[in-house]
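Chains as they are written, first to last, in my numbering: chain Y, 1 to 344; chain Z, 1001 to 1322.
Don't be surprised by glycine CBs; every beta carbon is placed ideally from N, CA and C.
The structure under discussion appears below in the form of structure tokens.
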Amino acid sequence: MKYWNMRLFQSKASFQLSRKWLVTLITGLLLLLVIFMLSLSAGSNYVSPIDVLRQLFNQTDEFTFVIETLRLPRVLLAILVGAALGVSGLILQSIVRNPLASPDIIGITSGASFGAVLFITLATGVISMAFLPLAAICGGLLTASLIYMLSWNKGVTPVRLVLIGIGISAILKSGVTFLLVFSDTYIASKAYIWLTGSLYAATWQDVMSLSCWLLIPLPTILWLGRSMNVTELGDDVAISMGIRLQRQRFLFLACAVLLAGSAAAFVGGIEFVGLMAPHIARRLVGRSFIGLVPITAIIGALLVLVADLIARTMFLPLDIPAGVFTAAIGAPFFIFLLFRTRNR
Amino acid sequence: MNKKLGLLFSTIIAALLVLAACGSSSNKEEENSSDKESTDESTRVIEHVLGKTEIKGKPQKIVTLYQGATDTITQFGVKPVGVVESWAEQPMYEYIKAEVGDAKIVGQETQPNLEEIAALQPDLIIATQVRHEEIYEQLSQIAPTIVNTTLYDIRETTDLIGKALGEEDKAKELMTAWDARIADFKEKIAAKGNYPLSVAVTNYREDHARIYVQGFAGSILTELGFTEPKNLVGQNLEIVKLTDKESISNMNADVIFQFMEDNAAVKSTHEEWTKHPLYANLDAVKNNQVFTVNEIIWNFAGGLKAANLMLDDLYAHFGLEQ
């Protein structure tokens, strides 16, 4: 196997890439492009890929509303959300060094869910629903800060972080159930859709806002990326290698929270992608953290994109929340990968 | 290091605040531009909870996005071109099928399919704030959209549809007829004595029971002069979920109207609850005043026709002449 060493910004960021990685990356991108085009074509009325291209490059105005107002923002939002959830899960699994860590399990998603459901139950018909993402993201950030502070004992250790995260997550989930039981049926049904996670009615504004949010964690991940490989060997090794462990942990955690929290804010509680995407990526390209970031992002994007494609085309005229299908798509593939590599 | 960290942290917070501010403030401007042209008599501006909507002429292709609107618009003699799937007897309630005709189903009330709606090229969309607030902008790009605040307030729905169709007179006529029926019912039931009766609308689910104190049936019963269940008076409740049989006494009333889905799990819940000793103590049970009614008419439909059918039921149950 061949390797390349990449050094950027006067060696401030460096990483090693294999040919296998490059092949996987290109395959992934091509696959993403194919499904992207397919998603723009498919729907209540089929638009041929050629017409889609003509529409995208302004050669025709025939499909402006369907393609540019309805499908394109929805498809782009699916890609952004999937990538964000995947990378968030990757970061958490690396920090915690536990393959079961994911934004759903350690409380970020439940924080966002609680914020959103609280907002839906109290504010429906009172405050504009445009503020719903803000409520969700505040919930996510507050919960993450709380978990971080409670885990603090001369620094944060992964085990404390996970245990406290699971505890807080359980409290918030019971809070959500409480709110649902005590709310009107139509408000509860609205909250359920949010909790399942749906890309329904995505707008360009959602796409723009989410892209802004995702711009913050990206440079941080690139900057700190190479130290992550060392940290995964254990706290003692990392410290003896000169890693500022607590600072690194704090920044990475902040990135993971921002990624998962902002994704949840715009599409609700899509679960499973954060857990699954990094595992699939690792099975495909190995363990180098920086190398895993783009692959995980692509796989996360594919999972959500395909889930939403199925959700909005298989049961026409019904348009079903995408969150119903994310697990149904990722899990069989993951089991196949585990099965294939079981004897290595 | 700490200084750097603090700087980074505060930059992130600042960026977040800017993002939050820019995320939510930009879509209010367009609505105010359409105030002026109401002098043109074929163009009407209708004010509703989410803004003002301009409607030209008499809309011909109408999409209704909640059950109550689908029901009510047929009372104007109008067949919608698109409707949302019903909650039972999918895709369309039997009681309204003939009047709705062969309208296209455009998805579920909670998540209607925008592409299907657009494909119908409607000239009016009727939505409700509780379900469709988030998609109002997109709906408005498809066609002029008017928005009701509730799901089952037949007066509001009728009034709004009347305005949107430019048939305010018809709306008034429908409401006058309804008011006359209410007055008639009240007079006749009062003449039977024992007035006002308290009433409980109960519903059984797989794992719990409910009392609809308000809601569609509850609000109509209140209009008809019935009072709340005896142990819930003055509590201003909407829907009470009972998860424990010990709270059966909340159902206590002179008359009970119950409805439930036709499935085995629900039937067995109903059986368990009605076998409980507390159930036998309810006034309605003692006096044999428990009536099973149609779930669709009494709860799901939420429109003017359903309200009239419900009133027919009430005349029948109390043995009153119409």
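Problem set entry | Span separating the alpha-carbon of Leu251/Y from that of Thr220/Y | To locate residue 251/Y, count along the first sequence from 1; it is residue 251. To locate residue 220/Y, count along the first sequence from 1; it is residue 220. Taking the straight line from one Cα to the other gives about 8 Å.
Exercise. Taking contact to mean at least 3 C-beta pairs separated by less than 8 Å, is the segment 1070-1081 of chain Z in contact with the segment 1297-1307 of chain Z?
Worked result: The segment 1070-1081 of chain Z vs the segment 1297-1307 of chain Z: in contact.
Exercise. When the cut-off is 8 Å and only beta carbons count, does Ile193/Y lie next to chain Z?
Worked result: Taking the first sequence and counting its residues from 1, one reaches residue 193/Y at position 193. The beta carbon of Ile193/Y falls within 8 Å of a beta carbon belonging to chain Z, placing the residue at that interface.
Problem set entry | Any chain Z beta carbon closer than 8 Å to Tyr70/Y | In the first sequence, the residue the question calls residue 70/Y occupies position 70. Contrary to the premise, residue 70/Y reads as Leu rather than Tyr in this sequence. Yes, its Cβ sits closer than 8 Å to a Cβ of chain Z.
For this session: Name the two residues that bound the continuous beta strand (DSSP E) containing Arg1205/Z.
Result: Position 205 of the second sequence, counting from 1, holds the residue named residue 1205/Z. Per DSSP, Arg1205/Z lies in no beta strand (DSSP E) and is assigned neither H nor E.
Exercise. What are the start and end residues of each continuous beta strand (DSSP E) run of 3 or more residues lying completely inside the segment 279-303 of chain Y, in chain order?
Worked result: With a minimum length of 3 residues, no continuous beta strand (DSSP E) run stays inside the segment 279-303 of chain Y.
For this session: Taking only beta-carbon positions, decide if Leu318/Y is within less than 8 Å of chain Z.
Result: For the purposes of this step, residue 318/Y is taken as the residue at position 318 of the first sequence. Closer than 8 Å: yes.
For this session: Using three-state DSSP, classify Gly1051/Z as helix, strand or coil.
Result: Counting from 1 along the second sequence, the entry for residue 1051/Z is found at position 51. Judged by DSSP in its simplified three-state form, Gly1051/Z adopts strand.
Exercise. Who are the neighbours of Val66/Y on chain Z, taking C-beta pairs under 7 Å?
Worked result: Indexing the first sequence from 1 puts residue 66/Y at position 66. Simply Glu1115 and Ala1118.
Exercise. So does the segment 41-52 of chain Y actually touch the segment 1098-1116 of chain Z, counting three or more Cβ pairs closer than 8 Å?
Worked result: Result yes; three or more Cβ-Cβ pairs closer than 8 Å.
Problem set entry | Pairwise C-alpha distance: Ile280/Y and Ala334/Y | Mapped onto the first sequence, residue 334/Y falls at position 334. Mapped onto the first sequence, residue 280/Y falls at position 280. This sequence places Phe at residue 334/Y; Ala is not what is there. In a straight line, the C-alpha of Phe334/Y is about 6 Å away from that of Ile280/Y.
For this session: Output the distance between the C-alpha atoms of Phe57/Y and Glu68/Y, rounded to the nearest integer angstrom.
Result: Here residue 57/Y is taken as the residue at index 57 of the first sequence, counted from 1. Here residue 68/Y is taken as the residue at index 68 of the first sequence, counted from 1. In a straight line, the C-alpha of Phe57/Y is about 11 Å away from that of Glu68/Y.
Problem set entry | Residue nearest to Asn5/Y in terms of C-alpha spacing, selected from Ser288/Y, Phe182/Y and Ile26/Y | As a working note, residue 5/Y is residue 5 in the first sequence. Out of Ser288/Y, Phe182/Y and Ile26/Y, Ser288/Y has the C-alpha closest to the C-alpha of Asn5/Y.
Problem set entry | Minimum C-alpha distance to Arg1205/Z - residue among Asn1288/Z, Glu1271/Z, Ala1217/Z and Val1285/Z | Start at 1 with the first residue of the second sequence, and residue 1205/Z comes out as number 205. Answer by Cα proximity: Glu1271/Z.
Exercise. Given a threshold of 16 other Cβ atoms within 10 Å of its Cβ, counted over all protein chains shown, does Trp204/Y qualify as buried or as exposed?
Worked result: By 1-based counting over the first sequence, the position of residue 204/Y is 204. Under a 10 Å Cβ-count criterion, Trp204/Y is classified as exposed, with fewer than 16 other Cβ atoms of the shown protein chains found around its own Cβ.
Exercise. Does the separation of the CB atoms of Leu1151/Z and Tyr1095/Z fall below 8 Å?
Worked result: As a position in the second sequence, residue 1151/Z is number 151, starting the count at 1. As a position in the second sequence, residue 1095/Z is number 95, starting the count at 1. If you check the CB distance, Leu1151/Z and Tyr1095/Z do not come in under 8 Å.
Exercise. Just checking my contact of Arg226/Y with Ile290/Y at CB under 8 Å: how many whole Å lie between their CB atoms?
Worked result: Walking along the first sequence from the start, residue 226/Y turns up at place 226. Walking along the first sequence from the start, residue 290/Y turns up at place 290. The Cβ separation is near 6 Å, so the contact holds.
For this session: Run down chain Z in chain order and give the residues with a C-beta less than 9 Å from the C-beta of Gly125/Y.
Result: If you number the first sequence from 1, residue 125/Y lands on position 125. Ordered by position in chain Z, the residues that pass the 9 Å Cβ test against Gly125/Y are Val1049, Gln1129, Val1130, Glu1133, Thr1149 and Thr1150.
Exercise. What residues from chain Y crowd round Ile1105/Z, counting only those whose CB sits closer than 7 Å?
Worked result: Sequence index remark: in the second sequence, residue 1105/Z carries index 105 (1-based). For Ile1105/Z, the neighbours in chain Y by C-beta distance under 7 Å run, in chain order, Pro317.
For this session: Kindly indicate which three-state DSSP category Ala201/Y falls into: helix, strand or coil?
Result: To locate residue 201/Y, count along the first sequence from 1; it is residue 201. When DSSP states are grouped into helix, strand and coil, Ala201/Y belongs to the coil group.
For this session: Give the straight-line distance between the Cα atoms of Asp1262/Z and Leu1165/Z, rounded to the nearest whole angstrom.
Result: Translated into positions along the second sequence, residue 1262/Z becomes position 262. Translated into positions along the second sequence, residue 1165/Z becomes position 165. C-alpha separation (whole angstroms): 37 Å.
Problem set entry | Candidates Glu1099/Z, Val1130/Z and Val1147/Z, of which the one nearest Val1049/Z by Cα | Position 49 of the second sequence, counting from 1, holds the residue named residue 1049/Z. The shortest Cα separation from Val1049/Z among Glu1099/Z, Val1130/Z and Val1147/Z belongs to Val1147/Z.
Exercise. From the DSSP output, which residues share a beta bridge with Met1260/Z?
Worked result: Sequence index remark: in the second sequence, residue 1260/Z carries index 260 (1-based). Answer by DSSP bridge pairing, in chain order: Tyr1204/Z.
For this session: Would you decide whether Glu1030/Z is buried or exposed? Buried here means 16 or more other CB atoms lie within 10 Å of its CB.
Result: Stepping through the second sequence from its first residue, residue 1030/Z is reached at position 30. Note that Glu1030/Z has pLDDT 40, beneath the 50 cutoff, so the model's placement of it is unreliable and the number below is only indicative. Result: exposed.
For this session: Could I get the ranges of all uninterrupted alpha helix (DSSP H) runs contained in the segment 1121-1175 of chain Z, with 4 residues as the minimum, in chain order?
Result: Along the segment 1121-1175 of chain Z, the alpha helix (DSSP H) occurs as fully enclosed runs of 4 or more residues at 1129-1132, 1136-1142 and 1154-1165, listed in sequence order.
Exercise. Any Cβ of chain Y within less than 8 Å of the Cβ of Thr1072/Z?
Worked result: By one-based count along the second sequence, residue 1072/Z stands at place 72. So no, Thr1072/Z is outside the interface.
Problem set entry | First through last residue of the alpha helix (DSSP H) which encompasses Val1100/Z | By 1-based counting over the second sequence, the position of residue 1100/Z is 100. Note, Val1100/Z: alpha helix (DSSP H), Glu1094 to Val1100.
Problem set entry | Secondary structure of Tyr46/Y, DSSP reduced to three states | Taking the first residue of the first sequence as 1, we reach residue 46/Y at position 46. Tyr46/Y falls in the coil class under three-state DSSP.
Problem set entry | Touching by the beta-carbon criterion (3+ pairs, under 8 Å), the segment 1171-1185 of chain Z and the segment 1202-1219 of chain Z | In short, these stretches do not touch, since the Cβ pair count stays below three.
Problem set entry | Residues that Trp152/Y bridges to, as DSSP identifies them | By 1-based counting over the first sequence, the position of residue 152/Y is 152. Per the DSSP secondary-structure output, Trp152/Y pairs in a beta bridge with Val156/Y.
Exercise. Taking 8 Å as the CB-CB cut-off, is Lys1097/Z touching chain Y?
Worked result: Numbered from its first residue, the second sequence carries residue 1097/Z at position 97. Interface annotation, Lys1097/Z: not in contact with chain Y, CB-CB separation never under 8 Å.
For this session: Output, in chain order, the set of chain Y residues within a Cβ distance shorter than 9 Å of Gln1111/Z.
Result: As a working note, residue 1111/Z is residue 111 in the second sequence. Residues of chain Y passing the Cβ test: Ile193, Ser198, Tyr200, Ala201, Leu318, Asp319, Ile320 and Pro321.
Exercise. Whose C-beta lies closer than 7 Å to the C-beta of Gln248/Y among residues of the same chain, with five residues either side of it excluded?
Worked result: Translated into the one-based positions of the first sequence, residue 248/Y becomes position 248. The answer, listed in chain order, is Leu224, Ser227 and Thr231.
Problem set entry | Bridge-paired residues (DSSP) for Val1240/Z | Position 240 of the second sequence, counting from 1, holds the residue named residue 1240/Z. In DSSP, Val1240/Z forms a bridge with Ile1211/Z.
Problem set entry | CB contact below 8 Å: Met129/Y versus chain Z | Here residue 129/Y refers to the residue found at position 129 of the first sequence. Cβ-Cβ to chain Z under 8 Å: yes for Met129/Y.
Problem set entry | Cutoff 6 Å; reference Asn1308/Z; Cβ partners in own chain excluding five residues on either side | One-based indexing of the second sequence puts residue 1308/Z at position 308. Cβ within range, chain order: n/a, list empty.
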